[in-house]
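For reference, the structure discussed in these notes is given below.
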């Protein structure tokens, strides 16, 4: 029996050696029982946390990937303008490559200078980001006209089912 108590005591977290020696056998058993209860609570909390974390990606994948998989709402365009910088973000299906060239053409026709153009492909979805600079003469009426033309272009692709 003494060996079992010794093994149980050795499994408890280490404290200062003087406090261990001073503990009576009932105190050691009580400490072991409390320690086991704390561990059980900790394990339960960790299981709950794991379940929450496992739920989060599934929900976000459902919300994000299903529209992309089905092609719902694609292509999409977002245009933002800060000062003379114009950023165009286009999300489309892989087979909409010609739309990217058309967007570049419209930007050039409207006097924008392309600074960078990047893309990423995830499954069948392409994310294009185009950074451009517009001249001061284009800031007043040029940017709204560009925005209108680009949105119309994307709308035409949607309506044509391309």
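In full-length UniProt numbering, the protein residues as written are 1 to 162. Glycine is no exception: its CB is placed at the ideal position from the N, C-alpha and C atoms. Remember, predicted model here, so these are calculated numbers, not experimental data.
Just the Cα atoms here: how many angstroms apart are residue i and residue j?
{"i": "residue 10", "j": "residue 121", "result": "56 Å"}
{"i": "residue 109", "j": "residue 146", "result": "9 Å"}
{"i": "residue 86", "j": "residue 125", "result": "23 Å"}
{"i": "residue 75", "j": "residue 157", "result": "8 Å"}
{"i": "residue 47", "j": "residue 55", "result": "12 Å"}
{"i": "residue 143", "j": "residue 49", "result": "48 Å"}
{"i": "residue 70", "j": "residue 104", "result": "Reliability of the predicted coordinates at residue 70 is poor, the pLDDT of 45 falling under 50, and no value is obtained from them."}
Buried or exposed: which applies to residue i, given that a residue is buried once 16 or more other Cβ atoms fall within 10 Å of its Cβ?
{"i": "residue 99", "result": "buried"}
{"i": "residue 154", "result": "buried"}
{"i": "residue 80", "result": "exposed"}
{"i": "residue 107", "result": "buried"}
{"i": "residue 53", "result": "exposed"}
{"i": "residue 160", "result": "exposed"}
{"i": "residue 150", "result": "buried"}
Pull the bridge partners of residue i from the DSSP assignment, please.
{"i": "residue 85", "result": "82 and 133"}
{"i": "residue 113", "result": "133"}
{"i": "residue 76", "result": "91"}
{"i": "residue 122", "result": "125"}
Following a CB-centred definition, is residue i positioned closer than 6 Å to any heavy atom of the ligand ATP?
{"i": "residue 81", "result": "This structure lacks the ligand ATP, and indeed carries no ligand of any kind."}
Residue i and residue j: beta carbons closer than 7 Å?
{"i": "residue 92", "j": "residue 134", "result": "no"}
{"i": "residue 94", "j": "residue 129", "result": "no"}
{"i": "residue 32", "j": "residue 8", "result": "yes"}
If I'm right that residue i touches residue j with Cβ under 8 Å, what's the distance once you round it to whole angstroms?
{"i": "residue 4", "j": "residue 35", "result": "About 16 Å separates the two Cβ atoms, so there is no contact after all."}
{"i": "residue 131", "j": "residue 115", "result": "5 Å"}
Any beta carbon from chain D within less than 7 Å of residue i's own beta carbon?
{"i": "residue 91", "result": "You won't find chain D in this structure, because it holds only one protein chain."}
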